[in-house]
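Colleague: What follows is a single structure, and I will ask about it in a moment.
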Amino acid sequence: EAQVTQNPRYLITVTGKKLTVTCSQNMNHEYMSWYRQDPGLGLRQIYYSMNVEVTDKGDVPEGYKVSRKEKRNFPLILESPSPNQTSLYFCASSVQGYFAYEQYFGPGTRLTVT
Amino acid sequence: QQQVKQSPQSLIVQKGGIPIINCAYENTAFDYFPWYQQFPGKGPALLIAIRPDVSEKKEGRFTISFNKSAKQFSLHIMDSQPGDSATYFCAASDNQGGKLIFGQGTELSVKP
Chain Y
769 EAQVTQNPRY
779 LITVTGKKLT
789 VTCSQNMNHE
799 YMSWYRQDPG
809 LGLRQIYYSM
819 NVEVTDKGDV
829 PEGYKVSRKE
839 KRNFPLILES
849 PSPNQTSLYF
859 CASSVQGYFA
869 YEQYFGPGTR
879 LTVT
Chain V
102 QQQVKQSPQS
112 LIVQKGGIPI
122 INCAYENTAF
132 DYFPWYQQFP
142 GKGPALLIAI
152 RPDVSEKKEG
162 RFTISFNKSA
172 KQFSLHIMDS
182 QPGDSATYFC
192 AASDNQGGKL
202 IFGQGTELSV
212 KP
C-alpha cells in the first residue's frame with residue numbers, strides 16, 4: 769500500500785529534551801515536507817526537500833531541523849523543544865517539487881511539550 | 102502574514118445544501134490552487150485543484166470557481182451529504198519553489 773508513515777503518533781515530552789519524529793514514504797517520491805497544524809492557523813510548512821540534495825525552509829522553520837539522507841526518509845528534529853511547539857505535525861510527499869500542489873500526507877504526530 | 106485567507110471558519114448546512122468556502126491570495130506567483138479535505142484523526146487529502154488559467158473545474162459534486170483578477174477562489178459542494186462533514190483547506194502552491202501555503206481551514210458540518 770502506497771503511504772506515508774510517521775512515528776510516533778503521540779508524544780509527550782518536557783522542555784529541552786531532544787526528540788525526533790520519523791517520516792517515511794514508499795512511493796519513490798522526490799519531494800517531502802513537514803507541516804504543523806494549529807487551530808485557526810491551518811497548516812504551516814516547516815521545511816521541505818525537493819530531492820535528497822536540496823532542503824529549504826518553509827514559513828515556520830525556527831526551532832526545527834530536518835535531514836534527508838535517503839530518498840524515502842525525512843525526519844524532523846527538535847533539538848530543544850519548547851511549549852510553543854506543542855502541535856499536530858504532518859509529513860507529506862509528492863512525486864516531485866513541481867507537483868507540490870499534490871501532496872500525500874501521513875497520519876500525523878500529536879506532540880505535547882510541557 | 103497569512104498569504105492565503107480562508108472564510109468562513111465554520112459552516113453548518115442541511116443535507117442537500119450547497120456550502121461555499123472562499124479563499125483569497127496575494128502572491129501572483131502562485132501557479133496552482135488545490136483544496137484538501139481532512140477528516141478527524143486523519144491527514145489532509147487532495148480533493149481537487151485548479152490552475153489560474155481556468156475559471157471553473159468540476160469533479161463530481163465538488164466545483165472550484167476561480168477569479169484571477171480578484172485573486173479569489175472558492176469551493177462549492179453540490180448536494181452536500183453528512184459524509185462531507187470534514188475540515189476543508191484551500192491552498193496555493195509555488196511549484197517552481199516547492200512551497201504549499203494553506204488557508205486557515207473551514208470546519209463543515211452537514212446535518213441529516
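Sequences listed follow chains Y and V, in order. Just so we're aligned, residue 769 is where the first sequence starts under this note's numbering, counting upward by one. Just so we're aligned, residue 102 is where the second sequence starts under this note's numbering, counting upward by one. All C-beta atoms in this analysis are idealised placements derived from N, C-alpha and C, irrespective of residue type, glycine included. It should be emphasised that the depicted structure is a prediction, and the values quoted were computed from it without experimental measurement.
#1: Which whole-angstrom value is the C-beta distance of Y799 (chain Y) and S861 (chain Y), which I expect to be below 8 Å?
#2: In or out: M179 (chain V) buried (at least 16 other Cβ within 10 Å) or exposed?
#3: Would you say the beta carbon of S848 (chain Y) is closer than 7 Å to some non-hydrogen atom of the ligand ADP?
#4: Kindly give me the distance between the Cβ atoms of A193 (chain V) and F131 (chain V), rounded to whole angstroms, as I take these residues to be in contact under 8 Å.
#5: Does the stretch 117 to 130 of chain V come close enough to the stretch 164 to 182 of chain V to have 3 or more Cβ pairs within less than 8 Å?
#6: Against chain V, which members of the stretch 785 to 805 of chain Y pass a CB distance test of less than 9 Å?
#7: If you measure from the beta carbon of A146 (chain V) to each beta carbon in chain Y, is any gap under 8 Å?
#8: Can you look up N841 (chain Y) in the DSSP assignment and give me helix, strand or coil?
#9: Which residues in chain Y sit within 7 Å of G206 (chain V), going by Cβ to Cβ distance?
#10: With H, G and I counted as helix, E and B as strand and the rest as coil, what does DSSP make of P109 (chain V)?
Modeller: The answer reads as follows:
#1: Position 31 of the first sequence, counted from the first residue, corresponds to residue 799 (chain Y). Position 93 of the first sequence, counted from the first residue, corresponds to residue 861 (chain Y). Their Cβ separation, rounded to whole angstroms, is 6 Å, which keeps Y799 (chain Y) and S861 (chain Y) in contact under 8 Å.
#2: Position 78 of the second sequence, counting from 1, holds the residue named residue 179 (chain V). It counts as exposed.
#3: Here there are no bound small molecules, and the ligand ADP is not part of this structure.
#4: To locate residue 193 (chain V), count along the second sequence from 1; it is residue 92. To locate residue 131 (chain V), count along the second sequence from 1; it is residue 30. That pair is a contact at about 4 Å.
#5: yes
#6: Y799, S801, Y803 and Q805
#7: One-based indexing of the second sequence puts residue 146 (chain V) at position 45. Taking Cβ atoms only, chain Y reaches closer than 8 Å to A146 (chain V), which makes this a yes.
#8: Counting from 1 along the first sequence, the entry for residue 841 (chain Y) is found at position 73. Three-state DSSP puts N841 (chain Y) in a strand.
#9: One-based indexing of the second sequence puts residue 206 (chain V) at position 105. Near G206 (chain V) (Cβ distances below 7 Å), the residues of chain Y are G810.
#10: Locating residue 109 (chain V) in the second sequence gives position 8, counting from the first residue. Here P109 (chain V) sits in coil by DSSP.
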